[in-house]
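2 protein chains.
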Amino acid sequence: MSNMTNCIVAQSGGPTVAINASLAGVIDGVKKSKTYNKIYGSIHGIQGVLRRQYIDLTDSSEDFITSLCATPAMYLGSCRYKLPPFKESPESYEDIFGVFKELSIGAFFYIGGNDSMDTAAKLAEYAKEIGSDIKIVGIPKTIDNDLIMTDHTPGFGSAAKYVATSIREIAYDTYIYDVLSVNIVEIMGRDAGWLTAASALARTESVPAPHLIYLPEVAFDKEQFIEDLKKLLPIHRNIVVAVSEGIKDKDGNYLSATDAAADKFGHAQLSGTGKALEYLVKEKLGIKVRSVEINVLQRCASHLASKTDIEESFKLGSHGVYFAENGKSGIMVAVNRLSSSPYKYEIVNVPVCEVANKAKAVPLDYINKDGNDVTQEMLEYLRPLVQGEVSIHYDNGLPEYLNLSHLTHME
Amino acid sequence: MSNMTNCIVAQSGGPTVAINASLAGVIDGVKKSKTYNKIYGSIHGIQGVLRRQYIDLTDSSEDFITSLCATPAMYLGSCRYKLPPFKESPESYEDIFGVFKELSIGAFFYIGGNDSMDTAAKLAEYAKEIGSDIKIVGIPKTIDNDLIMTDHTPGFGSAAKYVATSIREIAYDTYIYDVLSVNIVEIMGRDAGWLTAASALARTESVPAPHLIYLPEVAFDKEQFIEDLKKLLPIHRNIVVAVSEGIKDKDGNYLSATDAAADKFGHAQLSGTGKALEYLVKEKLGIKVRSVEINVLQRCASHLASKTDIEESFKLGSHGVYFAENGKSGIMVAVNRLSSSPYKYEIVNVPVCEVANKAKAVPLDYINKDGNDVTQEMLEYLRPLVQGEVSIHYDNGLPEYLNLSHLTHME
Chain A
31 MSNMTNCIVA
41 QSGGPTVAIN
51 ASLAGVIDGV
61 KKSKTYNKIY
71 GSIHGIQGVL
81 RRQYIDLTDS
91 SEDFITSLCA
101 TPAMYLGSCR
111 YKLPPFKESP
121 ESYEDIFGVF
131 KELSIGAFFY
141 IGGNDSMDTA
151 AKLAEYAKEI
161 GSDIKIVGIP
171 KTIDNDLIMT
181 DHTPGFGSAA
191 KYVATSIREI
201 AYDTYIYDVL
211 SVNIVEIMGR
221 DAGWLTAASA
231 LARTESVPAP
241 HLIYLPEVAF
251 DKEQFIEDLK
261 KLLPIHRNIV
271 VAVSEGIKDK
281 DGNYLSATDA
291 AADKFGHAQL
301 SGTGKALEYL
311 VKEKLGIKVR
321 SVEINVLQRC
331 ASHLASKTDI
341 EESFKLGSHG
351 VYFAENGKSG
361 IMVAVNRLSS
371 SPYKYEIVNV
381 PVCEVANKAK
391 AVPLDYINKD
401 GNDVTQEMLE
411 YLRPLVQGEV
421 SIHYDNGLPE
431 YLNLSHLTHM
441 E
Chain B
31 MSNMTNCIVA
41 QSGGPTVAIN
51 ASLAGVIDGV
61 KKSKTYNKIY
71 GSIHGIQGVL
81 RRQYIDLTDS
91 SEDFITSLCA
101 TPAMYLGSCR
111 YKLPPFKESP
121 ESYEDIFGVF
131 KELSIGAFFY
141 IGGNDSMDTA
151 AKLAEYAKEI
161 GSDIKIVGIP
171 KTIDNDLIMT
181 DHTPGFGSAA
191 KYVATSIREI
201 AYDTYIYDVL
211 SVNIVEIMGR
221 DAGWLTAASA
231 LARTESVPAP
241 HLIYLPEVAF
251 DKEQFIEDLK
261 KLLPIHRNIV
271 VAVSEGIKDK
281 DGNYLSATDA
291 AADKFGHAQL
301 SGTGKALEYL
311 VKEKLGIKVR
321 SVEINVLQRC
331 ASHLASKTDI
341 EESFKLGSHG
351 VYFAENGKSG
361 IMVAVNRLSS
371 SPYKYEIVNV
381 PVCEVANKAK
391 AVPLDYINKD
401 GNDVTQEMLE
411 YLRPLVQGEV
421 SIHYDNGLPE
431 YLNLSHLTHM
441 E
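From first to last, the protein sequence lines stand for chains A and B. For the numbering used here, count along the first sequence from 1 and bump the result up by 30. For the numbering used here, count along the second sequence from 1 and bump the result up by 30.
Put into structure tokens, the structure is as follows:
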């Protein structure tokens, strides 16, 4: 017992419904570990270490771990803090490693996206510099699915399931009227179109919506868009368009920005990509048109999480502990897909410094020639990730999620 | 068998996730009836009768009826057609009753909202005029819950459950950051605030969101809104505001209209109530602010339907058949609540002409004195309506809904 060390875990970046499952996996991994004694949870990402705000998660019960897997967003809170380079602010690093020493920390687990992997890479490099034996492990998450060196990211499968389900339900909503209509659904993804592509899973034999899909990876042409609609309207009558918030024209300008409407105070306001296309269709075709922005619900709707995603996210967390126990540091836990049908994968580790600050766009062979749909390869890639439903505890008709008073009282 | 007649059912107005359960109830009622032989489904509301577009639903299987209860929007399609007054267009009435005669119709069931009840009332009056024995029965539905003479409307409970769940999930999304923020959620309801009020069910001990609720029944005051925020921000830090799309100032002007932004073509565009408040907060408080419009998903998300709502909607449909069999015409089927805890109700019938074209606002004793929250009475009224979860069949990770090819091929 005396030569055992403790560890600390934190969450960072934007919410997903799977990031708490990875936290649950880390806690579970530590509970089963012979290397680590206590597990602390840092509040609001790495900032919680700097501020000495953390809670002890060591005695988490099985019930708590199960509820954690079914609770959206970050149980430990988040931050948008990017650790400054060592040369600019050596005192931040000294401070962090000072707290690590105080708490007898042997491993630090950072669950997050691009920026969090940057922080993990910097901490690992610093540890090497000073000859510290503390293991630094990154655990990925992002609904955008844009991290490199992993087949996909935790949180993406659930967001994909929510987007595809919503598109299917919106399509049923539009199909009931006997009038021509265009229904534009704006989906998150500033730079990568993975989540918008997932809308393609919504299609059924009788309701093949979305009829058009536009990703940021292909330059968006307004005239071609109107032509695409003119071609499909006589056939399908109620057209559903899935569009990424991040689509840009050939000069790289965001649609939302070019169509910015001025608010009453005279400020330029982003009208939103969906709204911009709605106005365009109204102007050019003069038919019934609506735009829907799915907004934050795609990243926080735990009631519709993908079981595959939640289970994988848990495993990635517990494998993080396993890798640290086995001497790995400066790594990110990652998924290596072995086959899509049947779905098989292995959990590996990759150098976190190679992941940080890079983004994985949708490859062009996953997008059709006309740039308005995805290919069969994309569907095969996506399908395993949305499989399975989670069991949610309902109380008085609403999903019951974990109490967050440790966050609200910490402020 | 020879003196048995047939009947016909249609759906009209905006979608809900419960309107197909009422259709299922009508079909089930007819299958068990000794009065009615065949049951036809008119496509696109009463227009299907005028156009002679209908399908035969008599041989619906139990499986089909179960799937119908779990499929959003209108299986038979909808219309926004309001039957002109008899004096203006007697030929429409003659035409409809001509088709009724051709098909040996003994009863017509119209599932819809305000406008549909107007059509039902007119048809019942015409039947009386011409001495026809055809029974005309209205079956209510609307997510707005604004029909009079019924405790509540089918579709409302499910929409309320969706709204409250979404607000809870959005609140979890906002609570993770250690910065002051205002999060405005715009909920449907142009004239009545029932659905926005349902957001109050989202509150938990540690996450008491929504912190502020604004309904169209109370004049909205922008300055008071900013004062309300200033008071709550130091206490709760991440404020969630539930606001009805239909809030108006003391002069009766919609917020959305007064804050209309001009689009790039120079047209006045409704910026949306949520957006209008977002800009207002940004201007007056300069803190992080976001607005989310829940949009059509609150009326089509079958995967999150209220079991209580779906079961009641079914019963209202089958009771419609029962009332018609027992000689009732010119009626609407309605819910009379007997008690809230335990929840008990009876199904009654009310004169449809008294329901048509009227709207039920939220009573003022369901709204707090400051006009920014609901009272305990409202919570007691709402709670029973969102209870219970439906069982949805998932195929390949997505909810599977009924095939709509009969609609798409009918066009």
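For every residue, glycine included, the Cβ atom is placed at its ideal position computed from N, Cα and C.
Unbroken beta strand (DSSP E) run spanning residue 378 (chain A), endpoints: Translated into positions along the first sequence, residue 378 (chain A) becomes position 348. Looking at the DSSP string, the run of the beta strand (DSSP E) that includes residue 378 (chain A) is 373-381.
Sequence-distant residues of the same chain with beta carbon closer than 8 angstroms to residue 384 (chain B), five excluded per side: Your numbering for residue 384 (chain B) matches position 354 in the second sequence. A distance below 8 angstroms between beta-carbons, with the five flanking residues on each side excluded, links residue 384 (chain B) to the following residues of its chain, in chain order: 178 and 179.
Classification of residue 249 (chain B) by the beta-carbon crowding that lies within 10 angstroms, buried from 16 upward: Position 219 of the second sequence holds residue 249 (chain B). Note on residue 249 (chain B): under 16 other CB atoms within 10 angstroms of its CB, so exposed under the neighbour-count rule.
Given residue 158 (chain A) as reference, the closest of A:116, A:189, A:141 and A:134 once Cα atoms are compared: Reading the first sequence from its first residue, position 128 is the one you call residue 158 (chain A). Closest option to residue 158 (chain A), Cα to Cα, is A:116.
Cutoff 8 angstroms: residue 170 (chain B) Cβ touching any chain A Cβ: Taking the first residue of the second sequence as 1, we reach residue 170 (chain B) at position 140. No, its Cβ sits nowhere closer than 8 angstroms to a Cβ of chain A.
Cβ distance (whole Å) where residue 56 (chain A) is taken to contact residue 350 (chain A) below 8 angstroms: Residue 56 (chain A) sits at position 26 when you count from the first residue of the first sequence. Residue 350 (chain A) sits at position 320 when you count from the first residue of the first sequence. Between residue 350 (chain A) and residue 56 (chain A) the Cβ distance is about 6 angstroms, and since that is below 8 angstroms, they are a contact.
CB contact check: residue 241 (chain A) to chain B, cutoff 8 angstroms: Looking up residue 241 (chain A) in the first sequence gives position 211. Chain B, which has no Cβ nearer than 8 angstroms to the Cβ of residue 241 (chain A), makes this no.
Contact with chain A by residue 251 (chain B), beta-carbon distance below 8 angstroms: Residue mapping note: residue 251 (chain B) aligns to position 221 of the second sequence, counting from 1. False, the Cβ-Cβ gap to chain A never drops below 8 angstroms.
Complete runs of the alpha helix (DSSP H) confined to the region 106-184 of chain B [at least 4 residues]: As far as the region 106-184 of chain B is concerned, its whole alpha helix (DSSP H) runs of at least 4 residues are 120-132 and 144-159.
Contact set between residue 109 (chain B) and chain A, taken where Cβ atoms lie within less than 8 angstroms: On the second sequence, residue 109 (chain B) is found 79 positions in, with the first residue counted as 1. The answer, in chain order, is 207 and 208.
Where residue 437 (chain A) falls, given that 16 or more other Cβ within 10 Å makes a residue buried: Start at 1 with the first residue of the first sequence, and residue 437 (chain A) comes out as number 407. By the 10 Å Cβ count, residue 437 (chain A) comes out buried.
Burial state of residue 215 (chain A) (16 or more Cβ within 10 Å): Along the first sequence, one-based indexing puts residue 215 (chain A) at 185. Counting Cβ neighbours within 10 Å, residue 215 (chain A) comes out buried, since at least 16 surround it.
CB contact below 8 angstroms: residue 218 (chain A) versus chain B: As a first step, residue 218 (chain A) must be located in the first sequence, where it is residue number 188. Chain B contact via Cβ: absent.
Assumed close pair residue 303 (chain A), residue 271 (chain A) - CB separation to whole angstroms, cut-off 8 angstroms: In the first sequence, counting from the first residue as 1, residue 303 (chain A) sits at position 273. In the first sequence, counting from the first residue as 1, residue 271 (chain A) sits at position 241. Contact check for residue 303 (chain A) and residue 271 (chain A): beta-carbon distance about 11 angstroms, past the 8 angstroms limit, so the pair fails to qualify.
is_contact[residue 198 (chain A), chain B] using C-beta, thresh 8 angstroms: Here residue 198 (chain A) corresponds to residue number 168 of the first sequence, with the count starting at 1. Among the CB atoms of chain B, one or more fall inside 8 angstroms of the CB of residue 198 (chain A).
Continuous beta strand (DSSP E) stretch holding residue 50 (chain A): start and end: As a first step, residue 50 (chain A) must be located in the first sequence, where it is residue number 20. Taken as a continuous stretch (DSSP letters only), residue 50 (chain A) belongs to no beta strand (DSSP E), being part of the alpha helix (DSSP H) at 49-62.
Residue-chain proximity (residue 104 (chain A), chain B), Cβ-Cβ < 8 angstroms: Within the first sequence, numbered from 1, the residue matching residue 104 (chain A) stands at position 74. The Cβ of residue 104 (chain A) sits closer than 8 angstroms to at least one Cβ of chain B.
Contact the region 199-218 of chain B vs the region 307-324 of chain B: 3+ CB pairs below 8 angstroms: By the Cβ criterion, the region 199-218 of chain B is in contact with the region 307-324 of chain B, since at least three pairs of Cβ atoms, one from each stretch, lie closer than 8 angstroms.
Whole-number beta carbon distance between residue 232 (chain B) and residue 198 (chain B), since they are thought to touch under 8 angstroms: Start at 1 with the first residue of the second sequence, and residue 198 (chain B) comes out as number 168. Start at 1 with the first residue of the second sequence, and residue 232 (chain B) comes out as number 202. Confirmed, Cβ separation roughly 4 angstroms.
Cβ-Cβ distance between residue 74 (chain A) and residue 208 (chain B) below 8 angstroms: As a working mapping, residue 74 (chain A) is identified with position 44 in the first sequence. As a working mapping, residue 208 (chain B) is identified with position 178 in the second sequence. Remark: C-beta atoms of residue 74 (chain A) and residue 208 (chain B) approach each other more closely than 8 angstroms.
Element boundaries [beta strand (DSSP E), containing residue 96 (chain B)]: Walking along the second sequence from the start, residue 96 (chain B) turns up at place 66. Annotation: residue 96 (chain B) is outside any beta strand (DSSP E); the continuous alpha helix (DSSP H) that includes it extends over 92-99.
Local Cβ density within 10 Å of residue 368 (chain B), reported as buried at 16 or more and exposed below that: Taking the first residue of the second sequence as position 1, residue 368 (chain B) is located at position 338. With fewer than 16 other Cβ atoms from the protein chains shown falling within 10 Å of its own Cβ, residue 368 (chain B) counts as exposed.
Positions along the region 404-437 of chain B whose CB lies within less than 7 angstroms of some CB in chain A: The residues in question are 413, 416, 417, 418, 419, 424, 426, 427, 428, 429, 431, 433, 434, 435 and 437.
Chain A contact for residue 223 (chain B) (CB, 8 angstroms cutoff): Residue numbering aside, residue 223 (chain B) sits at position 193 when the second sequence is read from its first letter. With 8 angstroms as the cut-off, residue 223 (chain B) does not count as an interface residue toward chain A.
Residue 251 (chain B) versus residue 428 (chain A): straight-line alpha-carbon distance, rounded: Locating residue 251 (chain B) in the second sequence gives position 221, counting from the first residue. Locating residue 428 (chain A) in the first sequence gives position 398, counting from the first residue. Cα to Cα, residue 251 (chain B) sits roughly 32 angstroms from residue 428 (chain A).
Contacts that residue 45 (chain B) makes with chain A (C-beta to C-beta distance below 8 angstroms): Taking the first residue of the second sequence as position 1, residue 45 (chain B) is located at position 15. In chain order: 202, 203 and 206.
Residue-chain proximity (residue 327 (chain B), chain A), Cβ-Cβ < 8 angstroms: Along the second sequence, read from residue 1 onward, the residue named residue 327 (chain B) stands at position 297. By this cut-off, residue 327 (chain B) is an interface position.
Buried or exposed (CB count within 10 angstroms, at least 16 for buried), residue 265 (chain B): Mapped onto the second sequence, residue 265 (chain B) falls at position 235. Label assigned to residue 265 (chain B): exposed.
Unbroken alpha helix (DSSP H) run spanning residue 408 (chain B), endpoints: Here residue 408 (chain B) refers to the residue found at position 378 when the second sequence is read from its first residue. Its alpha helix (DSSP H) spans residues 406-412.
beta-carbon residue 157 (chain B) near the ligand PLP non-hydrogen atom, thresh 7 angstroms: Among the components modelled here there is no ligand, and therefore nothing to report on the ligand PLP.
Per-residue DSSP class, three states only, for residue 368 (chain A): By one-based count along the first sequence, residue 368 (chain A) stands at place 338. The three-state reading of DSSP puts residue 368 (chain A) in strand, counting E and B together.
As assigned by DSSP and simplified to three states, the class of residue 41 (chain A): As a position in the first sequence, residue 41 (chain A) is number 11, starting the count at 1. Assigned with DSSP and collapsed to three states, residue 41 (chain A) falls in strand.
Chain B within 8 angstroms of residue 195 (chain A), Cβ atoms only: Here residue 195 (chain A) is taken as the residue at index 165 of the first sequence, counted from 1. Contact of residue 195 (chain A) with chain B is assigned, a C-beta pair being separated by under 8 angstroms.
Test item: CB-CB of residue 415 (chain A) and residue 336 (chain A) under 8 angstroms: In the first sequence, counting from the first residue as 1, residue 415 (chain A) sits at position 385. In the first sequence, counting from the first residue as 1, residue 336 (chain A) sits at position 306. With respect to the 8 angstroms criterion, residue 415 (chain A) and residue 336 (chain A) are classified as neighbours on the basis of their beta carbons.
Cβ distance (whole Å) where residue 63 (chain B) is taken to contact residue 140 (chain B) below 8 angstroms: Here residue 63 (chain B) refers to the residue found at position 33 when the second sequence is read from its first residue. Here residue 140 (chain B) refers to the residue found at position 110 when the second sequence is read from its first residue. Contact flag wrong, Cβ pair sits at about 18 angstroms.
Residue 82 (chain A), buried or exposed, once every other Cβ within 10 Å from all chains shown has been counted against 16: Stepping through the first sequence from its first residue, residue 82 (chain A) is reached at position 52. So residue 82 (chain A) counts as exposed.
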